[in-house]
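In our numbering, the protein residues as written are 53 to 640.
Note that CB positions come from ideal geometry on N, CA and C, so glycine has one too.
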Ligand code: ASP
């Protein structure tokens, strides 16, 4: 803690900051009883506040009243205690805590609040069921590791603010009650009492507002923004999450990237998160997909993908030839010299299938000759095996994994296999991290199900290239990827009204609909919009990567459970009929 508490009737010092230097002086502390031990007439209490632990000792002869009261103390009772800071007997020194050389010999004890037995132990590292932790979050957050994580999160945000403030950014709030914003997810809606039948939407991001701020001439904006997206929940997702949201006027990709490198470089450095120093390398979307199968590769280890289409161009093996014939790919990776048992190969096959692949071909390169031990070896010509071996630089004993499928599916399956192999073979050094920008994304993807084009980033990202061939359009977007997780992304925006209308048209958003939904943006674009661009960094994920913890819920004070519900407050919950009536709503 930076400064001592203002002395009052409760305390004048932090528990964790009393050291031998204060021996012989008086101090008053306050906090929670971490533990009580009774020892040959003496009572010892470990007292806990945010700063740490302090041992209190109660002597029956010198402080009989306090000693008598201390008898009744139980874990999590709240007390204030005053006395003399005293050196411990050498045998009792605890070198593991900063206050381990001293104790407070208590003269006066005040019990401020009595605690029932907590529903779970609050010791560091205790394994407790998450549902129980979330239900009693106030207790859970008392645990030192949770206090640490929230402190790390706070420091991350403070560093972000500091670097951006230094660079003339203004922190500006944007509304939570607004109109649907298109980040491609479902909106959370808030019924409007003042206009029955109408709804506010909670923002999926401040995207349009930050663009308006640029049109307004604010030049540089940021906000620690809450975003709301009603998507199916996953382990690393929350219905509401936080991002560092940034927008800048008169900039290109390089400016936004440089600025974020300054911000994130400072965050990583201060928190001791070991990434290479900026500038960080950039990889095109095309290269990432070709080398790793996906656009957020974990680059801490090799196991890169190889295209085997050429090596197998003339193959008669149906699985490969039909994939190639249908416009798909045959791609593979060399897992190295690992003799996996059949059961493990079955598990890998299952994993590939979970990621949409029809199957997985495995092969062990035989020593001495250019042949494979593989269920498919008999279907392949010797030259084909040789060509594949050559392509993946196989050595005898190597395990090869091959997927034949449509390109995206093959990439996703092989990418999942890469990660699984890295885990099995322990290829990742978890103390070092890798970071890179992914750039030059495709602008639009064909959505075959809905028979329409979808924006790869969002509809406000500048596309470049030939509109006659939407599939070839590239977007001025960039993502920041750490250890295989996308921690941020943004783009240079469209600042030309005609181009914006053209993109809406391509996305099948007609003029009337565009005006109804985004008229406020289109109107603003009429009156002098500067070129602008920005980015958003996922704060929860960044904090989780830095502070540790199994999921982003560990770095959010009051998260929703994986189901999306809140075990603490019981939300979402039914409301009373009167409220519905007032809102003009009737339940179906
Ligand atoms: N609005 C985008 C998002 O939330 C980020 C950006 O383009 O700045 O993902």
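Report task. Please confirm whether any heavy atom of the ligand ASP lies closer than 7 Å to the CB of residue 311. Result -> no
Query raised in the report: At what residue ranges does the segment 418-501 contain a whole run of the alpha helix (DSSP H), taking only runs of 4 or more?
Result: 434-443, 459-476
Requested in this report: Tell whether a beta-carbon distance below 8 Å holds between residue 526 and residue 511.
Outcome: no
Requested in this report: Jot down the residue ranges of each uninterrupted beta strand (DSSP E) in the segment 250-295, minimum 3 residues, whole runs only, in chain order.
Outcome: List check, beta strand (DSSP E) in window: 251-253, 272-280.
Report task. Spell out a yes or no on whether the segment 270-290 and the segment 611-629 are touching, meaning 3 or more CB-CB pairs, one atom from each, closer than 8 Å. Result -> yes
**Report entry** Three-state secondary structure assigned by DSSP to residue 549
**Finding:** Helix, per DSSP.
Report task. Name the residue from 300, 536, 438 whose alpha carbon lies nearest to the alpha carbon of residue 474. Result -> 536
Query raised in the report: Beta carbon of residue 95: closer than 7 Å to some heavy atom of the ligand ASP?
Result: no
Requested in this report: Following the continuous beta strand (DSSP E) through residue 589, name the residue where it begins and the one where it ends.
Outcome: 584-590
**Report entry** Contact the segment 424-436 vs the segment 476-485: 3+ CB pairs below 8 Å
**Finding:** Between the segment 424-436 and the segment 476-485 there are fewer than three C-beta pairs closer than 8 Å, too few to call the two in contact.
**Report entry** Nearest neighbour of residue 362, chosen from 406, 441, 345 [CA to CA]
**Finding:** 441
Report task. Report yes or no: do the segment 98-113 and the segment 133-153 share at least 3 C-beta pairs separated by less than 8 Å? Result -> A contact exists between the segment 98-113 and the segment 133-153.
**Report entry** Reduced DSSP secondary structure (H/G/I, E/B, other) of residue 229
**Finding:** coil
Query raised in the report: Between which two residues does the beta strand (DSSP E) carrying residue 506 extend?
Result: 504-507
Query raised in the report: If we call anything under 8 Å between Cβ atoms a contact, is residue 262 one with residue 297?
Result: yes
Query raised in the report: Going by the beta-carbon positions, is the gap between residue 453 and residue 400 smaller than 8 Å?
Result: yes
Report task. Check residue 358 in the structure and name its three-state DSSP category. Result -> strand
Query raised in the report: Using CA coordinates, which residue listed in 385, 303, 332, 503 is at the minimum distance from residue 546?
Result: 303
Report task. Classify residue 538 as helix, strand or coil using the three-state DSSP reduction. Result -> Strand.
Query raised in the report: Within this structure, are the beta carbons of residue 471 and residue 455 separated by less than 8 Å?
Result: no
Query raised in the report: Where does residue 247 sit, in a helix, a strand or coil, going by DSSP?
Result: coil
Query raised in the report: Which of the three DSSP states, helix, strand or coil, is assigned to residue 523?
Result: helix
Report task. Identify, in the order they occur along the chain, each residue of the same chain with its Cβ nearer than 6 Å to the Cβ of residue 413, setting aside the five sequence neighbours on each side. Result -> 428, 454
Requested in this report: Would you list the residues sitting across from residue 136 in a DSSP beta bridge?
Outcome: Residue 136 is bridged by DSSP to 78, 157.
Requested in this report: Output yes or no for whether 8 Å exceeds the beta carbon distance between residue 281 and residue 237.
Outcome: yes
Query raised in the report: Since residue 63 sits in a beta bridge, which residues does DSSP pair it with?
Result: Answer is none; residue 63 lacks a bridge partner.
Query raised in the report: So, is residue 521 buried or exposed, given that buried needs 16 or more other C-beta atoms within 10 angstroms?
Result: Flag for residue 521 reads exposed.
Report task. Using only the heavy atoms of the ligand ASP, determine whether one of them is closer than 7 Å to the beta carbon of residue 604. Result -> no
Query - Outcome for residue 219 when other beta-carbon atoms lying within 10 angstroms are tallied against a minimum of 16 - result: exposed
Report task. Verify whether the separation of the beta carbon atoms of residue 338 and residue 349 is less than 8 Å. Result -> Remark: C-beta atoms of residue 338 and residue 349 do not approach each other more closely than 8 Å.
Query raised in the report: Which residues share a DSSP beta bridge with residue 416?
Result: 425, 451
Query raised in the report: Looking only at DSSP bridge pairs, what is residue 85 linked to?
Result: 99
Report task. Give the straight-line distance between the Cα atoms of residue 94 and residue 225, rounded to the nearest whole angstrom. Result -> 56 Å
Report task. Jot down the residue ranges of each uninterrupted alpha helix (DSSP H) in the segment 157-201, minimum 4 residues, whole runs only, in chain order. Result -> 182-187, 189-192
Query raised in the report: Which residues does DSSP pair with residue 529 in a beta bridge?
Result: 543
**Report entry** Whole-angstrom C-beta distance between residue 170 and residue 191, which should lie under 8 Å
**Finding:** Here residue 191 really is in contact with residue 170; their C-beta atoms are around 5 Å apart, less than 8 Å.
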